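Everything below concerns the one structure shown next.
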Amino acid sequence: MSAERILAALPEMAEALGETGIMLLITVPIAVLSAVPIGVLLWSSGPGGPSPSPRLHQVLNAVVNLVRSFPFLILLIAMIPITRLIVGTSVGTLAVTVPLCVNAVAYLSRFVEQNLLQVSPGVIEAAQAMGASRLRTIWSVLLVEARPGLAGSITIMVVSFISYSAIAGLVGGGGIGDFAIRHGYYRYETGVMVVAVLVMIALVQLVQLAGNLTVRRLDKRL
Amino acid sequence: MSAERILAALPEMAEALGETGIMLLITVPIAVLSAVPIGVLLWSSGPGGPSPSPRLHQVLNAVVNLVRSFPFLILLIAMIPITRLIVGTSVGTLAVTVPLCVNAVAYLSRFVEQNLLQVSPGVIEAAQAMGASRLRTIWSVLLVEARPGLAGSITIMVVSFISYSAIAGLVGGGGIGDFAIRHGYYRYETGVMVVAVLVMIALVQLVQLAGNLTVRRLDKRL
Amino acid sequence: GLAGGAASDERTISIIATDSPPYHDPLEIARDQLEAEGWRLDVRYVTDIVQPNHAVSAGEADFNFFQHGAYLQTFNRDNGTDVVPLFYAVGSPAGVYSTRYDDISQLPDGARIALPVDPANNGRALHLLAGAGRLKLREGAQVVTTSQRDIVDNPHRYSFVEVDQQTLTQTLPDVDAGFLFSRQAIEIGLDVEGAALLREEDLDAVPYRIVVGGRPDEVGSAKARALQAALQSPRVRDFFKQFYGEWAPLPWAEDPQAQLGQWWKDGGR
Amino acid sequence: MITLRGVTKRFTGPDGPLTAVDDVDLHVPRGSVQGIIGFSGAGKSTLIRLINLLERPDSGSVAVDGTDLTTVDDVELRRRRAKIGMIFQHFNLLANLTAAQNVELALRIAGVGKAARAARVAEALAVVDLSDKAGAYPAKLSGGQQQRVAIARALANEPSVLLCDEPTSAVDPRTTVSVLSYLKEVNERLGITIVLVTHEMNVVRAIADDVAVMDGGKVVEHLRLDGSPLRPETEIAQFLIDDRIRLRSLEETHVG
Amino acid sequence: MITLRGVTKRFTGPDGPLTAVDDVDLHVPRGSVQGIIGFSGAGKSTLIRLINLLERPDSGSVAVDGTDLTTVDDVELRRRRAKIGMIFQHFNLLANLTAAQNVELALRIAGVGKAARAARVAEALAVVDLSDKAGAYPAKLSGGQQQRVAIARALANEPSVLLCDEPTSAVDPRTTVSVLSYLKEVNERLGITIVLVTHEMNVVRAIADDVAVMDGGKVVEHLRLDGSPLRPETEIAQFLIDDRIRLRSLEETHVG
Ligand SMILES: Nc1ncnc2c1ncn2[C@@H]1O[C@H](COP(=O)(O)OP(=O)(O)OP(=O)(O)O)[C@@H](O)[C@H]1O
Ligand SMILES: Nc1ncnc2c1ncn2[C@@H]1O[C@H](COP(=O)(O)OP(=O)(O)OP(=O)(O)O)[C@@H](O)[C@H]1O
Ligand SMILES: [Mg+2]
Ligand SMILES: [Mg+2]
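Chains as they are written, first to last, in our numbering: chain L, 1 to 222; chain A, 223 to 444; chain P, 445 to 713; chain V, 714 to 969; chain F, 970 to 1225.
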């Protein structure tokens, strides 16, 4: 009976996987593209950064902390009007990507800041001595040296987001995590849940493997 | 009326804050103490690490990924028998710290691994040349050099966990995040929720500030 | 609270409850009365709907207060638990509402309909639609286990989106129609009866009454009697009247065990 | 042409403030080679870093080619810096770029077009005899090879001023000759002004026109290297100029 | 006493495999000072790193004090290494420890008791004339000061073998004299065996008993420094021995 149920649930599971895919495909690029500049600003405006600006740093810091303070569920609810404005609806996979992005950006900005702090001050000085503009220093020096660390952080984030989709179910966002909970937990179809969790584990292993390989390929220090 | 409700909710909010405190006080030290050795093993057994061991690395990697694959709710449920064994109950603040710890350990282990990857290979070689044992190298060299990065990562984790307690509410774990959700989401007491969120924001700002200061104090490169 | 150990001492009544108004406020009112009588009420609020039954079953709490009878019956069957519906608290009627249409006949083909994601009420919404002839469900499908998979014919090509109970009100403007509990319709200013596209005919349908659950050995116990008296007090009645309006269904005198048993024997639909 | 006037730079040391560069006046005419020598910690690196404003002076003015750099805005400072090459004591190579990419970076920053870059990278690497290591990452290079990449990076840009902080500390005599010959050549051919910190007197002798001797943050003596015999006045200069190592003099020289 | 036999080490270079050390035999008697010179990239650092097995040889044996290190287990290797001091070309100081803490680390690793450590740290820092910078972090030290901390760290342990990779590359002549005098002193007094890579011939002359000349991974010549005049046979040795810098010889020497 359980096997039968699992078979019956397979198409729906495939759909859920697709939803997770959509969420990641939308969230991750947006998060990376927004978090890198924010993280760079956080770092460069901070004390010890190349252009310290206590005011800007405090504001950015506060905004990032603000977003990170919200439990995701509250963020999701609080953002419904904005979500509706952006994607036209407050339910479904697309709708959930909006708070997911906001959360991801805040999360990743901190990672970016942290990675930049690890870059050797010497190479930044070298760029300055060559007369590099701020943007050029960031793009051609800082991000190049921080690349392996950033790849590692992005991997950590993507993995988190695979299981995060569990909360997306609250507004019909779907995804494999939501699927596992709805079937396995609420409908007691343990077999289906186990399969769903196995799929998630496989997905996470894959992402982590790809991430680790990327880090190793990017890191030229050894 | 709202002001009145907020006032009435204050003692309960204080209690919730206390619960968050308990959760953090239990979870963070355990997470740090367990994640550091696991992260060190992950790093040292990995390719490029000082004692590469593909088998051990794969096993550790898989276990960490396994835990990180589970949506927190499923982890919480799946662990109930273990939780009951350890703290004697499956509901309440203490009960929720068990899965919270497990999740935190997996999460932080990755951070530790990532931070160790950033330590300059030269100082590790220097320790080896001095005849340092593996443990000594890790303790007196690796962790010393990774200290600022680790402090940053722990800060990121603590901040995450403040709002994480929202999920703890599923099984009556309490905490300020849960308080906010119960009042704001389930009881529509928006005023109370706003106050709770403000408290969380203040808490997060405080933690982040302390974290940033610690990082800056520990980092001697500039 | 910082929960330790199992079902507490003689004069402490421990209960696990949901933290929504129809559960929270009566409990707080009951607390006063119980304390006056020398009881201590230890409430643990949870948001999950699975663990409370397990916790009571395992003796970690004396009672729970979060579910309707239909959910409890099915839960017991599916999980091998034996939680007994001790007494009723209040009826919890529901309906299908819309901010876009006034009548079910206006609902166009292909309409998007919001369902609660929790199994206790997910099937309930589908049965409402089936009852009105808008779609066909598998023969013999029980309310609590019914899901979209049980739809055998969907002539109007409705699509469904499943959201959390609590977000049903906020997401209603984004769908063509959605399931709401009566109290939710009240909260967003809808006319409970007038605005409904579909409404559960029997305002006070037996299986959807909220029950207080406990282990079989609590039937008739001193704690159960004290709790029942406190949750069915005049002050609680006043609260429900104020909360729902005069039609508040309060079938306090009836015996949930017998009624739900009968309903279950009849096929649990 | 470089003119420092009353330049002072203070740091916070382990026990209290520390004047690393103390009221230094220095004039380096266009096209000349200025050597700087001094004991370890005398303030040589700090002084050279003050010239392109990597360290901002606490007081005093720093003029390069007639403009006081302490007064110009960021954009102008960057434009100026692009024409001031620098070889760092610690190389400061990017670990994630190959030797060639490290050199190319300097050209990209200077706005050299893609087409021209490859040729100039190859040329610069050839000067330091590293053509065969163009594709190697710094971690896989020997110490001397890393230093040579740093030299190539500074040369590639055809700067008008070149600041060299111990540019040959890690390289063997042959490479030293090769690097110095090249420096001398560009100095004479293109009129590049060179400031060179070193502790190797033979390096100074080979190409410097004038040597400033630093001690405790101050320039305590100037020696002209115009072929006439050197007559150092300060004890420090006398010691530094004499590069024979006489271990027997341990008692007198060991200060610790 | 150090004996290398047929030691070979290969790396993967940017274009194919690269033999950094090629079938080298080397015998350094106990208590003697072995110099190693050679062009940049000749394999000097690799060779010295092979002696304490920081690089494992692809073939050949490495014996220190009679034991072939390639055959001992980890614990024994560590015990051995504790008696082999090393000064790295790139210093490799811990950025988050002060100068004193960096030196103390070596003592802690060697198992020196807390009471004894403070005195020995102070002593080692005094030898390199850095007592006033004991509390400074490496980032706040000049290049030469950093190198001196690295020297103090290697000396503090009173090793029986000392491997020095360009130990005076960043320091001025006075410090060089001071360091070399100390090395000579411990060498003579305690019979410490020293291997010294350098590109400064005056350093070699001052303390080495024998100089190995490396080229392309091979030891191509040995020069004894027993006071008799040097008669280098290979061209390389001739070039290296002559530390006058003659820029006119550019045409012949510039290989790039
Ligand atoms: N980890 C490595 N991977 C690949 N190639 C390396 C590595 N380490 C060194 N090499 C190469 O091996 C050769 C010898 O390097 P080594 O560091 O021993 O030279 P060296 O004689 O110490 O030179 P220098 O005087 O410049 O320090 C060089 O060509 C170098 O590029
Ligand atoms: N960032 C800093 N913070 C504090 N003190 C510093 C800093 N940089 C340098 N110093 C100190 O200033 C003094 C001068 O340093 P500088 O690097 O200019 O010396 P130097 O002449 O280049 O020495 P070396 O020949 O050893 O490289 C030294 O005592 C050093 O410790
Ligand atoms: Mg210097
Ligand atoms: Mg070397």
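All residues carry an ideal CB built from backbone N, CA and C; glycine is no exception. Predicted model only: the values in this text are computed from it and were never measured.
Under 7 Å: does the beta carbon of V:Gly856 sit that close to some heavy atom of ligand 4? yes
Per-residue burial, L:Ile167 [other beta carbons within 10 Å of its own, 16 or more giving buried]: buried
According to DSSP, F:Thr977 sits in a beta bridge with which residue or residues? F:Ser1028
Flag L:Gly173 as yes when its Cβ comes closer than 7 Å to any non-hydrogen atom of ligand 1, and as no otherwise. no
Classify A:Arg332 as buried or exposed, calling it buried when 16 or more other Cβ atoms lie within 10 Å of its own Cβ. A:Arg332 comes out buried.
What runs of the beta strand (DSSP E), each 3 residues or longer, lie entirely inside the stretch 822-883 of chain V? 874-878
CB of A:Ser312 to nearest heavy atom of ligand 1: below 7 Å? no
Check whether the Cβ of V:Asp928 sits closer than 7 Å to any heavy atom of ligand 4, and report yes or no. Result no, Cβ not under 7 Å from ligand 4.
Counting C-beta neighbours from all protein chains within 10 Å, is the total for P:Asp635 16 or more, i.e. buried, or is it exposed? exposed
Check whether the Cβ atoms of F:Thr1167 and F:Gly1004 lie closer than 8 Å to each other. Between F:Thr1167 and F:Gly1004, the C-beta gap is smaller than 8 Å, which places the two residues in contact.
Would the C-beta of V:Asp878 count as close to ligand 3, meaning under 7 Å from any of its heavy atoms? yes
List in chain order: all unbroken alpha helix (DSSP H) runs of 4+ residues lying wholly within the stretch 141-217 of chain L. 143-168, 176-180
Comparing the C-beta of V:Leu953 with each C-beta of chain F, is any distance below 8 Å? yes
Residues of its chain near V:Thr966, where Cβ-Cβ distance is below 6 Å and the 5 sequence neighbours each way are ignored: The pLDDT assigned to V:Thr966 is 38, lower than 50, so where the model puts this residue is not dependable; a value taken from the coordinates is nonetheless given after this. Around V:Thr966: no qualifying Cβ.
Under the three-state DSSP convention, the category A:His279 falls into: helix
For V:Arg794, which residues in the same chain have their Cβ closer than 7 Å to its Cβ, ignoring the five residues on either side in sequence? Asn765
What would DSSP say about V:Thr911, mapped onto helix, strand or coil? Under the three-state reduction of DSSP, V:Thr911 is assigned to coil, being neither helix nor strand.
For L:Arg134, go through chain A and note every residue whose CB falls closer than 8 Å to its CB, in chain order. Near L:Arg134 there are no residues of chain A at all, since even the closest Cβ is about 18 Å away, more than 8 Å.
Drop a sphere of 10 angstroms on the beta-carbon of P:Trp691, count the other beta-carbons inside from all chains shown, and report buried for 16 or more, exposed for fewer. exposed
What residues in its chain sit with their C-beta under 8 Å from that of V:Leu790, if we drop five residues either side in the sequence? A distance below 8 Å between beta-carbons, with the five flanking residues on each side excluded, links V:Leu790 to the following residues of its chain, in chain order: Leu766, Leu782.
The beta strand (DSSP E) with P:Asn508 in it runs from where to where? Its beta strand (DSSP E) spans residues 507-512.
Starting from F:Val1182, trace the beta strand (DSSP E) both ways and give me its first and last residue. 1179-1184
How many angstroms separate the CA atom of P:Gly448 from the CA atom of P:Ile459? Bear in mind that the predicted position of P:Gly448 carries a pLDDT of just 39, short of 50, making it too unreliable to give a figure here.
Tell me which same chain residues have a C-beta within less than 7 Å of the C-beta of F:Leu1062, skipping the five on either side of it? Closer than 7 Å at Cβ, skipping near neighbours: Asn1071, Pro1107, Gln1115, Val1118, Ala1119.
Which residues in chain V sit within 7 Å of F:Gly1140, going by Cβ to Cβ distance? In the sequence on display, residue 1140 of chain F carries Val and not Gly. Residues of chain V passing the Cβ test: Ser753, His912.
Using only CA atoms, which one of P:Leu573, P:Thr589, P:Phe509 lies nearest to P:Ala533? P:Phe509
Within 7 Å: the Cβ of F:Ser1014 and any heavy atom of ligand 4? yes
Give a single yes or no on whether V:Ala919 has its beta carbon closer than 7 Å to a heavy atom of ligand 1. no
Starting from F:Arg998, trace the alpha helix (DSSP H) both ways and give me its first and last residue. As written in the sequence, residue 998 of chain F is Pro, which differs from the Arg given in the question. Segment: none, F:Pro998 is in no alpha helix (DSSP H) and carries neither H nor E.
What are the boundary residues of the alpha helix (DSSP H) that includes P:Tyr532? Here P:Tyr532 belongs to no alpha helix (DSSP H); instead the beta strand (DSSP E) covers 528-534.
Less than 8 Å between the C-beta atoms of F:Val1130 and F:Lys1052, yes or no? A contact, by the Cβ cut-off of 8 Å.
Pull up the distance between the alpha-carbon of V:Ala1008 and that of V:Gly754, whole angstroms please. An answer regarding residue 1008 of chain V cannot be provided, because it is not within the stretch 714 to 969 covered by chain V.
Roughly how many whole angstroms lie between the Cα atoms of P:Glu481 and P:Arg455? 10 Å
If you drop the 5 nearest sequence neighbours on each side, which residues of the same chain put their C-beta closer than 8 Å to that of L:Met13? Ile176, Phe179, Val192, Val195, Ala196, Val199
Extent of the continuous alpha helix (DSSP H) run through F:Lys1144: Per the sequence shown, the amino acid found at residue 1144 of chain F is Thr instead of Lys. 1142-1159 is the extent of the alpha helix (DSSP H) around F:Thr1144.
Compute the minimum distance between the beta carbon of V:Gln802 and the heavy atoms of ligand 3, and state whether it is under 7 Å. yes
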